[in-house]
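Residue numbers (the numbering used here): 5 to 678. The structure appears below as structure tokens.
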């Protein structure tokens, strides 16, 4: 179904306006078969044809003298209308034409002139020069239009805020303002109610386009005429075709990661150029932005609901909670706190609450106000699990367990504090408190995990969108690639820390074994590394060897070893990667020519330790020093090992892997050192 136009391969269209059909044919023959042609016997039909719309010529060849309308008159008319003001025009003149006539023709708008009889090569050269200039102008104009459309959409998405219906409407409006003539959007019911909208660039009669807002197969169709469009499209589309014409129709789905499902149908009217690949790519970029706006809108609604739920939970929570700012002003006191300390119900400050109860340690010593948990937290101290008894004026003592934590801003300064008090007078309440504390800890860990991953993923999505719109802007592309590389590095650091945590906790790095061809894993890594380091020579000598391993984890090992070899080796020397089977083991060797002195035994002894780097050759690293430690732990989980040999000018890492998974307890525990 897809019929995307590739303007770079389409033959240029040349119009020849000459009152002599013979001369026109001779001109076509001189130019050759690398162009499409259309002939006119006078200037007036040229103007009529351009006024009717449709594809304009890439170059117009105008005879200087014609029967009804001469070439200079055609030039003057075309240059006075914005739609044809930039149309490339070459005047074909007689050999006896006066210089003043040529000057006049150029003055009224002709780009060039050629005198008859002309040399075919010269005519082709002049035509090709104008075609190149025109295509460059058109390319720049289309790119400006696309960038402007994306920019307008970004502003519109920001203005739309958390309203999903408005986001959909602004998406449709932004598309028709810069990328298409008509647009119909349908959102399938799911995360929100079903939404349908349609609009057209120059007509308000959106009812004609609403039938296009249907879920159908993605693709692009181009039509040479309204009749062809009617023949290929459903009858419900025919009113829109009759009203606007249709040269192209594209159905683009929302991104799969979008929180909403649906499609966007965009059209180009009969007088417009069909969609090309860059058009569709820009529309897809707009849908990426819209998807993020949808996500933000739904997240805002979810957060609003969550805040309401949280407020309800806090009010119904059996633990007494109090929140105070650094000046002691209370910002929240829940119902349990009011029940535990009745005087807090109408208090406005921490001092007023403290005046309504007394506190003692289990040994009977009274706790002064400045040593109570909330006072300590307001000074920036974290207080947990403090147990004491209180008398809030009810005539009886309650044994409580209290915690207080400071709340800090981005600079680390304390801005407020939270006090939580649990009444543990009854033994069963102690068990309940422990369970709630565990749940609270898991909840906090979940929030931290989300806050670490989601912003990084959002940054990567934005980088991908920026890469798609950067085009030939090298500076923007370099900036985007730097952002993307840094974000991926941050993700890698998080994953490395998780791997280190698992390994040091004794659980080992998790693996999924399957039948793996080692040379295939190495080749895939080499391909990726070659893209990052195109100037580095990688000498591969890969023998086929298979085993039961985790392919992704092995790729992680190979990437680390090869990356280290490139980083710490001589730029002009190759890095050698070898694989072979030796008995019941597979071997992988990575060798490089190192800079400076070889590694010492002390350096090698530390090279597989976490957060450690060997000095000297590794003094310039920017990572956490976890890569080789993780590689060692991955190999240990496979039952394999890794050794290092460093001589004058050459360092080799040798990896040995058993072909068959070892029995429990057989894994090696330390690397070999040479």
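Where a beta carbon is used, it is the ideal one built from N, C-alpha and C, also for glycine. As the structure is a prediction and not an experimental result, all values here were calculated from the model.
| Item | Value |
| --- | --- |
| Would you say residue 652 lies against chain C (beta-carbon separation less than 8 Å)? | The structure shown has no chain C; it contains just one protein chain. |
| Here's a check: name, in chain order, each residue in its chain whose Cβ is nearer than 7 Å to the Cβ of residue 413, leaving out the five neighbours to either side. | 419 |
| Just to confirm the assignment, what range does the alpha helix (DSSP H) spanning residue 122 have? | Where residue 122 is concerned, there is no enclosing alpha helix (DSSP H), given that its DSSP letter is neither H nor E. |
| Going by C-alpha to C-alpha distance, which of 578, 633, 386 sits closest to residue 539? | 578 |
| Between which two residues does the alpha helix (DSSP H) containing residue 598 stretch? | That residue, residue 598, is in no alpha helix (DSSP H); it is neither H nor E in DSSP. |
| Could you check where the alpha helix (DSSP H) with residue 176 kicks off and where it finishes? | 168-182 |
| Can you give me the start and stop residues for the alpha helix (DSSP H) that residue 354 sits inside? | 354-358 |
| Using the three-state DSSP reduction, which class does residue 425 fall into: helix, strand or coil? | strand |
| Could you check how far apart the C-beta atoms of residue 203 and residue 177 are, in whole angstroms? I think they sit under 8 Å. | 6 Å |
| By DSSP's criteria, residue 226 is part of a beta bridge. Which residues make up the other side? | 252 |
| Checking 8 Å against the spacing of the C-beta atoms, do residue 528 and residue 559 come in under that value? | yes |
| Mind checking whether the beta-carbon of residue 489 lies closer than 7 Å to any heavy atom of the ligand MN? | Absent from the structure shown: the ligand MN. Ligands present: none. |
| Quick check: the region 109-126 against the region 82-96, are there 3 or more CB pairs under 8 Å? | yes |
| Classify residue 623 as buried or exposed, calling it buried when 16 or more other Cβ atoms lie within 10 Å of its own Cβ. | Residue placement at residue 623 is flagged as unreliable, the pLDDT there being 43, under the threshold of 50; the coordinate-derived value follows with that caveat. Counting Cβ neighbours within 10 Å, residue 623 comes out exposed, since fewer than 16 surround it. |
| Below 8 Å between beta carbons: does that hold for residue 61 and residue 18? | yes |
| Output the residue ranges of the alpha helix (DSSP H) runs that lie fully inside the region 21-77 and measure 4 residues or longer, sorted by chain position. | 25-35, 47-55 |
| In this structure, what does DSSP give as the bridge partners for residue 591? | 584, 660 |
| Going by C-alpha distance, which of 402, 595, 648 is nearest residue 607? | 648 |
| Kindly list the residues whose CB is nearer than 6 Å to the CB of residue 452, restricted to its own chain and excluding five residues on each side of it in sequence; keep chain order. | Only weak support is given to the placement of residue 452: the predicted model assigns it a pLDDT of 41, under 50, and the question is left unresolved by the model. |
| Using a Cβ-Cβ cutoff of less than 7 Å, which residues in the same chain neighbour residue 448 once the five nearest sequence positions on both sides are dropped? | Residue placement at residue 448 is poorly supported in this model, since its pLDDT is 36, which falls under 50; the coordinates still yield a value, given next. Counting only Cβ-Cβ distances below 7 Å, and skipping sequence neighbours, we find nothing. |
| State the start and end residues of the unbroken alpha helix (DSSP H) segment that holds residue 525. | 522-536 |
| In three-state terms, what does DSSP make of residue 337? | strand |
| May I ask you to report which of helix, strand or coil DSSP gives residue 15? | coil |
| For the region 245-258 against the region 269-276, are there 3 or more C-beta pairs whose distance is under 8 Å? | yes |
| Please name the residue, chosen from 535, 574, 230, 584, that lies closest to residue 551 on a Cα-to-Cα basis. | 584 |
| Under the three-state reduction of DSSP, which class applies to residue 548: helix, strand or coil? | coil |
| Quick one, are the C-beta atoms of residue 20 and residue 32 less than 8 Å apart? | yes |
| How many Å lie between residue 411 and residue 304 at the Cα? | 23 Å |
| Name the DSSP bridge partner or partners of residue 573? | 598 |
| Is residue 190 helix, strand or coil when you go by DSSP? | strand |
| Can you name, in chain order, every residue of its own chain whose Cβ lies under 8 Å from the Cβ of residue 574, other than the five neighbours on each side? | 596, 597, 598, 599 |
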